[in-house]
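Residue numbering for the sequence shown follows my numbering, beginning at 143 and increasing consecutively. Just so it is clear, CB atoms sit at the ideal spot from N, CA and C, and this is done for glycine as well.
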Amino acid sequence: MLGGTNNAMFLQAISGFLVFPIIIALLMWAFPTKKDPIAKRERKALKKSLRELRRK
Numbered sequence: 143m144l145g146g147t148n149n150a151m152f153l154q155a156i157s158g159f160l161v162f163p164i165i166i167a168l169l170m171w172a173f174p175t176k177k178d179p180i181a182k183r184e185r186k187a188l189k190k191s192l193r194e195l196r197r198k
């Protein structure tokens, strides 16, 4: 009787370890790093436009 629940818990734990790297890869793809040149350019342009708005 207990053997079935132990196997289910074991399979659930293994599947959690397999899904975790997929979630990490998805988050790394969704959120750019600070080294991303396109995002860096966009942040720089945004800061420049904010400075111009404050001067007015």
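Cβ pair residue i, residue j closer than 8 Å
i: P174; j: A181; result: yes
Cα-Cα separation between residue i and residue j, rounded to whole angstroms
i: R185; j: K177; result: 12 Å
i: I156; j: F162; result: 10 Å
i: K198; j: L192; result: 10 Å
i: A172; j: M151; result: 31 Å
i: K190; j: P179; result: 16 Å
i: A187; j: L153; result: 50 Å
i: R196; j: G158; result: 50 Å
i: N149; j: L169; result: 30 Å
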